[in-house]
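Engineer: Residues in the sequence shown are numbered from 25 upward in steps of one, following this note's numbering.
Where is the CB? At the ideal position from N, CA and C, for every residue including glycine.
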Amino acid sequence: MFTAVAAARAAGDARMVSASIALGGNIVFFTVLAAVGIVASTVGLTLTTQRRDHALWAILGIPRPRIRRILRTELIVLGIAAGALAVPLAPLVARATLSQWTTTGLDLHGATAGFRLWHVGASLLSGVVPCLLGGWGVTRRAARTPEMRAFRDLSDPAARPGVTRGVLALCLLAGVVGMWIPGLGLELEGGIAQRTAFAFAGDLFLVCLSLLMGPWVLTPLMRFWTALLPSRGVAWHLAVQSCRARAARSVATVLPFALSLSFVGLFMVMGNVMPGSAAGLDDVLVVLGWVFVVSWVGGVAVIALVGRERTRDSAIVAVAGARPGVVTRSTIYEGVIYAGTAIIFGAISLAVASVTIAAGARISVVRVLDGLPWATLGALAGVTLVTTCLALALQAARVSRTVAARALRA
25 MFTAVAAARA AGDARMVSAS IALGGNIVFF TVLAAVGIVA STVGLTLTTQ
75 RRDHALWAIL GIPRPRIRRI LRTELIVLGI AAGALAVPLA PLVARATLSQ
125 WTTTGLDLHG ATAGFRLWHV GASLLSGVVP CLLGGWGVTR RAARTPEMRA
175 FRDLSDPAAR PGVTRGVLAL CLLAGVVGMW IPGLGLELEG GIAQRTAFAF
225 AGDLFLVCLS LLMGPWVLTP LMRFWTALLP SRGVAWHLAV QSCRARAARS
275 VATVLPFALS LSFVGLFMVM GNVMPGSAAG LDDVLVVLGW VFVVSWVGGV
325 AVIALVGRER TRDSAIVAVA GARPGVVTRS TIYEGVIYAG TAIIFGAISL
375 AVASVTIAAG ARISVVRVLD GLPWATLGAL AGVTLVTTCL ALALQAARVS
425 RTVAARALRA
């Protein structure tokens, strides 16, 4: 964005300056939002799955305040390492994005992205901040959890809304109300375009609020729709109970896919309503392309991250008498549950966006829904299902070759 703006200013192209700021600002906002949410969720899950290791530290005599300091120092070091690795990638990502902008018809006056000194500071900051956001409260709980409880609990500890999360939630809720009031109920000077923009902003804040409160939104949603389905055998029952017991793992896995699907639906509704705009996938990818990359990599990374924990769970089930085929099918069914929860969340977000944006634009909801590219939305839902099931099928194949007794000893 800064490269495009500098090139447009050097060429004296005021229109392109405004376009670069608007387009680049949206891309940066949504990508950073997705990255912070996914990295923070993944860091929190990582520390949650290591709670038994932290309990061992306390048993060995390490003071609890020191455990907290060690974990937070670890987060800072990992964040700095991630930021350092991102420095050489920044110009490559910028060049790819500028090339994408050029293909959409923007005249960038031959702008080329290069390395700048401030990239180092920005990259390091972008690595450290999400790690601390996701791990600050978990490190505090890790230093307070009684040792025997950490070893005794078979399910993830219940999530508790911290002060920071509560303040952010209230701010986002204020944004939802503050945007919806003028967008849905007032006659604005800007007419349809301004009302629709306010409704869109309110929907965006609502999606962010829902995902910020993921443990209190995604977990009940997953419980609700899986309870509606009739029992499909032992494998399905094991998958449902595993997803419910490992709530932190489930939320961290569902969140990236739910984020990308809800953003795509929101943008397509907006593109279908605004005069002269389009709702095609190519136009959405210009703004959300990097969000897709972050979300899909994040979702698959979470599945790989908890492989050790899932191997142990599968070994316990196998020792209890379950056949290898049952364990494999239950693992794949977990992918179905994760994808189904993300798709249902995306569908709810799409429905809310259709109703509110239609109200802002003063048109019928049926007209909005009729103009949506359902084939594209269905394809994205299918890709989500295939991605989660394939990732877990590969993990199930590896687990099936593991000796249960050896996995439990490890």
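In the DSSP assignment, the alpha helix (DSSP H) including I86 goes from what residue to what residue?
Structural biologist: Working through the sequence shown from its first residue, we reach residue 86 at position 62. Note, I86: premise wrong, no alpha helix (DSSP H); not H, not E.
Engineer: Can you tell me the Cα-Cα spacing of V231 and G345, whole angstroms?
Structural biologist: Position 207 of the sequence shown, counted from the start, is the residue given in the question as residue 231. Position 321 of the sequence shown, counted from the start, is the residue given in the question as residue 345. When rounded, the distance between both Cα atoms is 43 Å.
Engineer: For D337, does the count of other Cβ atoms within 10 angstroms reach 16, so buried, or fall short, so exposed?
Structural biologist: As a working note, residue 337 is residue 313 in the sequence shown. Looking at its Cβ environment, which holds 16 or more other Cβ atoms inside 10 Å, D337 is buried.
Engineer: Between A421 and V324, is the Cβ-Cβ spacing less than 8 Å?
Structural biologist: The count along the sequence shown starts at 1 and reaches residue 421 at position 397. The count along the sequence shown starts at 1 and reaches residue 324 at position 300. No, Cβ-Cβ distance for A421 and V324 is not below 8 Å.
Engineer: From V407 to R119, what does the alpha carbon distance come to, in whole angstroms?
Structural biologist: Start at 1 with the first residue of the sequence shown, and residue 407 comes out as number 383. Start at 1 with the first residue of the sequence shown, and residue 119 comes out as number 95. Rounded to the nearest angstrom, the two C-alpha atoms are 27 Å apart.
Engineer: Using alpha carbons as the reference points, say which of M246, L290 and T121 lies closest to A272.
Structural biologist: Looking up residue 272 in the sequence shown gives position 248. The shortest C-alpha separation from A272 is found at M246.
Engineer: What did DSSP end up calling M203 once you bin it into helix, strand or coil?
Structural biologist: The residue given as residue 203 occupies position 179 in the sequence shown. Three-state result, M203: helix.
Engineer: Taking the C-alpha atoms as reference points, what is the distance between I20 and W81?
Structural biologist: One cannot answer for residue 20 here, as it falls past the ends of the chain, which runs 25 to 434.
Engineer: If you check the beta carbons only, do P361 and A251 fall under 8 Å apart?
Structural biologist: Position 337 of the sequence shown, counted from the start, is the residue given in the question as residue 361. Position 227 of the sequence shown, counted from the start, is the residue given in the question as residue 251. Note on identity: in this sequence residue 361 is Ile, with Pro being the wrong assignment. The answer is no: Cβ separation not under 8 Å.
Engineer: So, helix, strand or coil for L393, using DSSP?
Structural biologist: What you label residue 393 is simply residue 369 of the sequence shown in a count that begins at 1. In this structure, L393 counts as helix in the three-state DSSP scheme.
Engineer: What does the Cβ neighbour count give for D394, buried or exposed, with the cut at 16 atoms within 10 Å?
Structural biologist: Against the sequence shown, residue 394 aligns to sequence position 370. The residue in question, D394, is exposed, as its Cβ has fewer than 16 Cβ neighbours within 10 Å.
Engineer: Beta-carbon within less than 6 Å of F222's beta-carbon, same chain only, minus the 5 sequence neighbours each way: which residues are those?
Structural biologist: Position 198 of the sequence shown, counted from the start, is the residue given in the question as residue 222. Taken in chain order, the residues that qualify are M203, P206 and G207.
Engineer: Tell me whether G138 sits in a helix, a strand or coil according to DSSP, three-state version.
Structural biologist: Against the sequence shown, residue 138 aligns to sequence position 114. DSSP places G138 in coil when its eight states are reduced to three.
Engineer: Whose CA, out of A38, V187, Q419 and A135, lies closest to the CA of P115?
Structural biologist: Numbered from its first residue, the sequence shown carries residue 115 at position 91. With distances taken between Cα atoms, P115 lies closest to A135.
Engineer: Using only the alpha-carbon positions, how far apart do L149 and S388 sit?
Structural biologist: Locating residue 149 in the sequence shown gives position 125, where the first residue counts as 1. Locating residue 388 in the sequence shown gives position 364, where the first residue counts as 1. Taking the straight line joining both Cα atoms gives about 45 Å.
Engineer: When you compare the CB positions of I51 and V379, do they come within less than 8 Å of one another, or not?
Structural biologist: Residue mapping note: residue 51 aligns to position 27 of the sequence shown, counting from 1. Residue mapping note: residue 379 aligns to position 355 of the sequence shown, counting from 1. Not in contact: I51 and V379 (Cβ atoms no closer than 8 Å).
Engineer: Output needed for W249: all residues of its chain with C-beta closer than 8 Å, excluding positions within five of it in sequence on either side, in chain order.
Structural biologist: Along the sequence shown, read from residue 1 onward, the residue named residue 249 stands at position 225. So the qualifying residues of the chain are G364, T365 and I368.
Engineer: How big is the Cα-Cα spacing for T27 and A79?
Structural biologist: Within the sequence shown, numbered from 1, the residue matching residue 27 stands at position 3. Within the sequence shown, numbered from 1, the residue matching residue 79 stands at position 55. Cα to Cα, T27 sits roughly 49 Å from A79.
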